[in-house]
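Student: Handing you this structure, nothing more for now.
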Amino acid sequence: MLDVTFYKDKKVLVTGHTGFKGTWMCQLLVMAGAKVTGYSLKPPTTPSLFDMCGVKDSINSIEGDVRDLSHMMEVFANTQPEIVIHMAAQPIVRESYKDPVYTYETNVMGTVNVLECIRQNPSVKSFVNVTTDKVYLNKEWEWGYRENEELNGYDPYSNSKSCSELVTSSYINSFFKDMDIAISTARAGNVIGGGDFATDRIIPDCIRAAEKKEEIIVRNPFSTRPYEHVLEPVVAYLMIAKAQYEDKSYAGSYNVGPDDTDCWTTGELVTLFCDKWNATTNDGIKWINKYDGGPHEANFLKLDCSKLKKTFGWNPRWHVEETMEKIVEWSVEYLNGGDVANCMKKQIEEFLN
Numbered sequence: 010m011l012d013v014t015f016y017k018d019k020k021v022l023v024t025g026h027t028g029f030k031g032t033w034m035c036q037l038l039v040m041a042g043a044k045v046t047g048y049s050l051k052p053p054t055t056p057s058l059f060d061m062c063g064v065k066d067s068i069n070s071i072e073g074d075v076r077d078l079s080h081m082m083e084v085f086a087n088t089q090p091e092i093v094i095h096m097a098a099q100p101i102v103r104e105s106y107k108d109p110v111y112t113y114e115t116n117v118m119g120t121v122n123v124l125e126c127i128r129q130n131p132s133v134k135s136f137v138n139v140t141t142d143k144v145y146l147n148k149e150w151e152w153g154y155r156e157n158e159e160l161n162g163y164d165p166y167s168n169s170k171s172c173s174e175l176v177t178s179s180y181i182n183s184f185f186k187d188m189d190i191a192i193s194t195a196r197a198g199n200v201i202g203g204g205d206f207a208t209d210r211i212i213p214d215c216i217r218a219a220e221k222k223e224e225i226i227v228r229n230p231f232s233t234r235p236y237e238h239v240l241e242p243v244v245a246y247l248m249i250a251k252a253q254y255e256d257k258s259y260a261g262s263y264n265v266g267p268d269d270t271d272c273w274t275t276g277e278l279v280t281l282f283c284d285k286w287n288a289t290t291n292d293g294i295k296w297i298n299k300y301d302g303g304p305h306e307a308n309f310l311k312l313d314c315s316k317l318k319k320t321f322g323w324n325p326r327w328h329v330e331e332t333m334e335k336i337v338e339w340s341v342e343y344l345n346g347g348d349v350a351n352c353m354k355k356q357i358e359e360f361l362n
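Per the numbering used here, the very first residue in the sequence shown carries number 10; after that it's consecutive.
Set out below in structure tokens:
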């Protein structure tokens with residue numbers, strides 16, 4: 010899947026590195042021997058995986074806002090990255106309804122600013138812009154969306170990510186075609202894993218309820234989503250970045266999602282969590298349906314990842330059942346005051362090997 014030795018001594022800049030997915034990305038890169046610079050706001054949650062896993066001590070961590078072009082330009086000039094992974098975002102659908110302006114500023118102009126920094130720093134040879142499966146015009150059909158389907162996300166978050174894709178395409182056509190750089194966008198499904206403390210996400214809600222030994226409240230148990238362990242897209246992003254660094258013909262747009270067997274309803278996912286949690290802890294937790302009629306969210310969404318599979322011989326490594334075991338393993342370690350950093354490294358090694 011990924012020869013991590015490629016990243017030894019490579020200068021990699023990761024935006025959004027203090028977030029859940031960004032922290033897993035940085036930990037893997039550090040273990041691979043990369044020279045990592047992170048550019049992000051402070052960790053978005055308290056507690057945060059970034060603060061507790063100790064990766065900050067092994068990277069050049071810079072606090073900054075992707076909306077601040079002048080500061081980011083300074084960081085690029087000082088660090089001269091070879092590879093850039095752009096993950097900084099306002100990532101929550103419901104939050105995008107509350108603050109659409111901030112969502113668009115971060116997700117659209119943030120992408121513009123990263124691209125502008127890359128345009129003015131020829132050190133960058135490979136760039137991956139991480140978006141989402143929600144960039145597609147969702148028609149609620151039963152087959153997966155392919156990379157050539159229409160982009161037009163419904164809510165401000167999804168739509169801002171569609172715009173981020175279009176901005177990237179425009180920069181490629183307008184500026185990068187004749188430059189020595191390869192650029193891809195990667196559209197991932199719903200990411201779950203140990204160490205996610207975000208609000209308004211189902212697995213963190215499960216962990217918080219389990220910690221308090223309360224019933225898990227599920228607001229929409231019948232919505233179907235493609236769920237994947239956080240390491241699935243992280244490794245795929247690095248695989249794409251490596252391939253196009255070595256051969257520009259690999260640049261393009263890629264769906265990064267699980268197989269059809271891992272498209273689960275929220276209710277099914279929470280039931281699995283309860284089963285795995287109770288088998289480990291004997292807590293006897295359960296969930297209840299409390300549909301709250303909140304803002305519009307897709308009921309059914311699935312990706313067709315044939316392109317990624319055919320191009321790279323890629324296949325998902327962990328299915329939902331094993332992913333949930335890893336989540337419970339990490340979360341029990343955390344709630345018991347154990348060594349979560351070591352647990353994280355152990356899971357990365359298991360995934361890669």
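Just so you know, even glycine gets a beta-carbon here, dropped at the ideal spot from N, CA and C.
All values reported here derive from a predicted model rather than from experimental measurement.
1) Under 7 Å, do A195 and V117 count as touching if we go by C-beta distance?
2) Can you tell me which residues form a DSSP beta bridge with Y154?
3) Roughly how many angstroms separate the alpha carbons of S193 and D271, rounded to a whole number?
4) If you draw a straight line from the alpha carbon of L160 to that of L146, how long is it in whole angstroms?
5) Check whether the Cβ atoms of L312 and Y154 sit closer than 7 Å, and answer yes or no.
6) With H, G and I counted as helix, E and B as strand and the rest as coil, what does DSSP make of H328?
7) Helix, strand or coil for E241 per DSSP?
8) Would you check if the distance between the CB atom of T274 and the CB atom of F231 is smaller than 7 Å?
9) Closest to F29 by CA distance: which of F59, L317, I249 and K355 is it?
10) So, do the segment 171–179 and the segment 286–294 have three or more beta carbon pairs nearer to each other than 8 Å?
11) I'd like the list of long-range same chain contacts for N168, defined as Cβ closer than 6 Å, with 5 residues on each side in sequence excluded.
12) My parser needs the alpha helix (DSSP H) runs of 4 or more residues fully inside the segment 157–196; what are they?
13) Would the segment 81–90 and the segment 99–106 be scored as touching if the rule is three or more Cβ pairs under 8 Å?
14) Would you call the segment 41–48 and the segment 16–24 in contact, with 3 or more CB pairs under 8 Å?
15) Does the Cβ of V110 have 16 or more other Cβ atoms within 10 Å, making it buried, or fewer, making it exposed?
16) Which stretch, first to last residue, makes up the beta strand (DSSP E) that contains N362?
17) Do the segment 123–130 and the segment 176–183 make contact, defined as three or more Cβ pairs closer than 8 Å?
18) Considering Cα atoms alone, identify which of K251, I336, H95 and P235 is closest to M10.
19) Fully enclosed by the segment 201–263, which beta strand (DSSP E) runs are 3 residues long or longer?
20) Do A207 and P213 have their C-beta atoms closer together than 7 Å?
21) Which residue wins for smallest C-alpha separation from W323, given the options I249, T120, K44 and Q89?
22) Of all the CB atoms in chain C, is at least one closer than 7 Å to the CB of P213?
23) Can you name, in chain order, every residue of its own chain whose Cβ lies under 8 Å from the Cβ of H328, other than the five neighbours on each side?
24) Is the CB-CB distance between K148 and E91 below 7 Å?
25) Jot down the residue ranges of each uninterrupted beta strand (DSSP E) in the segment 46–104, minimum 3 residues, whole runs only, in chain order.
26) Taking 6 Å as the limit between beta carbons, can you name the residues of its chain near D209, skipping five residues before and five after?
27) T278 to E255, Cα distance in whole Å?
28) Taking the Cβ atom as the reference point for each residue, do C314 and N345 lie within a distance shorter than 7 Å?
Tutor: With the given structure in hand:
1) Against a cut-off of 7 Å, the Cβ pair of V117 and A195 comes out as no contact.
2) DSSP lists L312 as partners of Y154.
3) If I take the Cα positions, the gap works out to 25 Å.
4) Between the alpha carbons of L160 and L146 lies a gap of roughly 5 Å.
5) Result yes, Cβ atoms of L312 and Y154 sit closer than 7 Å.
6) It is coil, neither helix nor strand.
7) Here E241 sits in helix by DSSP.
8) Closer than 7 Å, so yes.
9) Nearest C-alpha to F29: F59.
10) Taking a cut-off of 8 Å on C-beta distances, the segment 171–179 does not touch the segment 286–294, as fewer than three cross pairs fall below it.
11) Closer than 6 Å at the Cβ level, and outside the excluded window around N168, lie G162.
12) The segment 157–196 contains these whole alpha helix (DSSP H) runs: 165–180.
13) Contact between the segment 81–90 and the segment 99–106 is absent, because fewer than three Cβ pairs lie under 8 Å.
14) Touching, yes.
15) Of the residues assessed, V110 falls on the exposed side of the cut-off, its CB having fewer than 16 other CB atoms within 10 angstroms.
16) Segment: none, N362 is in no beta strand (DSSP E) and carries neither H nor E.
17) The answer is yes - the segment 176–183 touches the segment 123–130, with three or more Cβ pairs under 8 Å.
18) Minimum Cα distance to M10 is reached at K251.
19) You should have 225–227 and 233–238.
20) Taking 7 Å as the Cβ cut-off, A207 and P213 qualify as a contacting pair.
21) Looking at the Cα atoms, I249 is the closest of the given residues.
22) The structure shown contains no chain C, having only a single protein chain.
23) P267, D268, T270 and D271.
24) Contact: no.
25) Listed in chain order, they are 69–72 and 92–95.
26) For D209, same chain residues with a beta-carbon under 6 Å away, outside a window of 5 residues either side, are I101 and R103 in chain order.
27) The residue asked about is misnamed: residue 278 is Leu in this sequence, not Thr. Those two C-alpha atoms are separated by around 39 Å.
28) Not closer than 7 Å, so no.
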